[in-house]
Amino acid sequence: MHRNKFFFLFIVFLIFLFACSKPNEESLFSGDQSLQHIQELLDFGARTPGSAGRENAAAYIETTLQQNNWEVEMQDFEFDEVAMQNIIARKGDGENIIILGTHYDTRAVSDQEDISEKQNEPVPGANDGSSGTAILLELSRVLTIPQDAQLWLVFFDGEDQGHLNNWNWSIGADYFVHQLQIAPDKAVVIDMVGDEDLNIYQEKNSDADLVNEIWNIAAEMNYQTYFIPQYKYTMIDDHLPFVNAGYSAALVIDFDYPYWHTTADTLEHVSSQSLQIVGDVIMKWIEEQ
């Protein structure tokens, strides 16, 4: 009788131990799920400002964020008589504001194409316009907001139309920064991080201390092969309006992407492993704030 009772309690203990040690899938970042977000975005077609594809993508982003229990604001504005829309998601009520940003628009022309007949076609934007968006959407599912912090996920419109119709780069980010009523403590912009051959160098316009924070975490996670601790490029991207306004901001980008601004920026050239690596690093960085 006592032996059977002991055996029963032992089995219950093992079940409890297994349940406690089993990872909670809802708390783990998924590169595969990020890749699925990219497929969804590509299905909307070109996401140029003012297009139906851009509107449908914005609705998808909004719905996903709301399903993950974020407070969402659609920031409408116009540029050159074109309706544009940033998407701002907030969670947490702390005093320290951390911003993760990316752009979700795609370039209207593939001006880096070798074949002239294709240069007027829009860029699909699997990497450039979708990879950062997909990572932020997946982070919205799994992130735990640090104590005393407030996290904003911001999806910018109108980043990728520079030098077309006399437009500048980063129109949406510039508008967003000029509308800020409270200063963010840190802002990190993620762009073009789905390259199957991932090489993320440090960027020269970024805040050096913030760069070191992120790259040190990557090294701790044994990702230094992908987050390379060397400066290489000076980029105009959505972090620059923050930098120009005096905020601490950094850009995470792999600019060594052979399909940049071409019709070949498609799903087959994006890697779930690369999305996983970047998502893991950014998630850990957020948790340590």
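Note that my numbering numbers the sequence shown so that position 237 is 257, with each residue one more than the last. Virtual Cβ for every residue (Gly too), placed ideally from N, Cα, C.
Neighbourhood of residue i by C-beta distance below 6 angstroms, restricted to the same chain and skipping five residues each side
i: Ser-268; result: Lys-206, Asp-227, Leu-230
i: Ile-165; result: Lys-111, Gly-112, Leu-171
i: Arg-127; result: Val-143, Asp-180, His-281
i: Glu-141; result: Ser-130, Thr-283
i: Asp-64; result: Contrary to the premise, residue 64 reads as Phe rather than Asp in this sequence. So the list reads Gly-73, Asn-76, Ala-77, once near-sequence residues are dropped.
Residues of its chain near residue i, where Cβ-Cβ distance is below 8 angstroms and the 5 sequence neighbours each way are ignored
i: Phe-49; result: Glu-158, Leu-159, Val-162, Gln-296, Gly-299, Asp-300, Met-303
i: Ser-41; result: Unreliable placement is indicated for Ser-41, whose pLDDT of 39 sits below 50; the coordinate value is still reported in the next sentence. There are no such residues.
i: Gln-170; result: Arg-110, Lys-111, Gly-112, Asp-113, Gly-114, Glu-115, Asn-116, Ile-117, Ile-118
i: Val-290; result: Leu-55, Ile-58, Ala-146, Asn-147, Ser-150, Ser-151, Gly-214, Asp-215, Glu-216
i: Leu-85; result: Val-92, Ile-107, Ala-109, Leu-157, Ser-160, Leu-173
i: Trp-90; result: Ala-109, Arg-110, Lys-111, Ser-160, Leu-173
i: Thr-254; result: Glu-223, Lys-224, Asn-225
i: Arg-67; result: Leu-61, Gly-73, Arg-74, Ala-77, Tyr-124, Asp-125, Thr-126, Gly-145, Gly-149
Exposure of residue i, with buried meaning 16 or more beta-carbon neighbours within 10 Å
i: Leu-184; result: exposed
i: Glu-179; result: buried
i: Met-212; result: buried
i: Ile-210; result: buried
i: Met-104; result: buried
i: Ser-136; result: exposed
i: Asp-194; result: buried
i: Tyr-277; result: buried
i: Pro-204; result: buried
i: Asp-258; result: buried
i: Tyr-246; result: buried
Proximal residues to residue i (C-beta, below 7 angstroms), its chain only, five neighbours per side dropped
i: Gln-59; result: Leu-287
i: Asp-285; result: Val-143, Pro-144, Gly-145, Ala-146, Asn-147, Asp-148, Tyr-279
i: Pro-69; result: Val-102, Met-104, Asp-125, Asp-177, Gly-178, Gln-181
i: Ile-35; result: Its pLDDT being 39, under 50, Ile-35 is placed unreliably in this model, and the value from its coordinates should be taken loosely. Once the five neighbours on either side are set aside, Ile-35 has no close Cβ partner at all.
i: Leu-62; result: Pro-144, Ala-146, Ser-150, Leu-287
i: Trp-235; result: Gln-222, Phe-247, Pro-249
Opposing strand residues paired with residue i [DSSP bridges]
i: Asn-106; result: Gln-95
i: Ile-234; result: DSSP, once it has assigned bridges, lists no residue as partnering Ile-234.
i: Tyr-251; result: Gln-222
i: Ile-210; result: Val-272
i: Phe-176; result: His-123
i: Ile-117; result: Gln-170
i: Asp-215; result: Val-290
Nearest to residue i (by Cα), restricted to the options the options
i: Ile-108; options: Lys-252, Pro-261, Leu-218, Gln-199; result: Gln-199
i: Leu-156; options: Ile-237, Tyr-80, Ile-191, Glu-75; result: Tyr-80
i: Ile-273; options: Lys-224, Phe-64, Ile-237, Glu-308; result: Lys-224
i: Ala-154; options: Asp-52, Gln-309, Gly-266, His-259; result: Asp-52
i: Ala-265; options: Phe-99, Phe-196, Gln-139; result: Phe-196
i: Tyr-134; options: His-123, Thr-283, Ser-292, Gln-309; result: Rather than Tyr, the amino acid found at residue 134 in this sequence is Asp. Nearest option by C-alpha distance: Thr-283.
i: Glu-75; options: Phe-175, Glu-137, Leu-218, Phe-247; result: Phe-175
i: Pro-261; options: Val-208, Ser-136, Glu-98; result: Val-208
i: Asn-219; options: Phe-97, His-123, Ser-294, Thr-122; result: Ser-294
i: Phe-97; options: Gly-192, Trp-187, Thr-83; result: Gly-192
i: Glu-308; options: Phe-275, Gln-95, Ala-238, Ile-256; result: Ala-238
i: Ile-256; options: Gln-95, His-123, Gln-250, Gln-167; result: His-123
i: Asp-100; options: Ser-292, Lys-252, Trp-187, Gln-201; result: Trp-187
i: Gly-121; options: Tyr-243, Ser-190, Asn-232; result: Ser-190
Chain D within 8 angstroms of residue i, Cβ atoms only
i: Glu-223; result: Chain labels in this structure do not include chain D; a single protein chain is all it has.
Quiz item: In chain order, which alpha helix (DSSP H) runs of at least 4 residues are fully inside the stretch 257 to 294?
Solution: Here the runs fully enclosed are 260 to 264.
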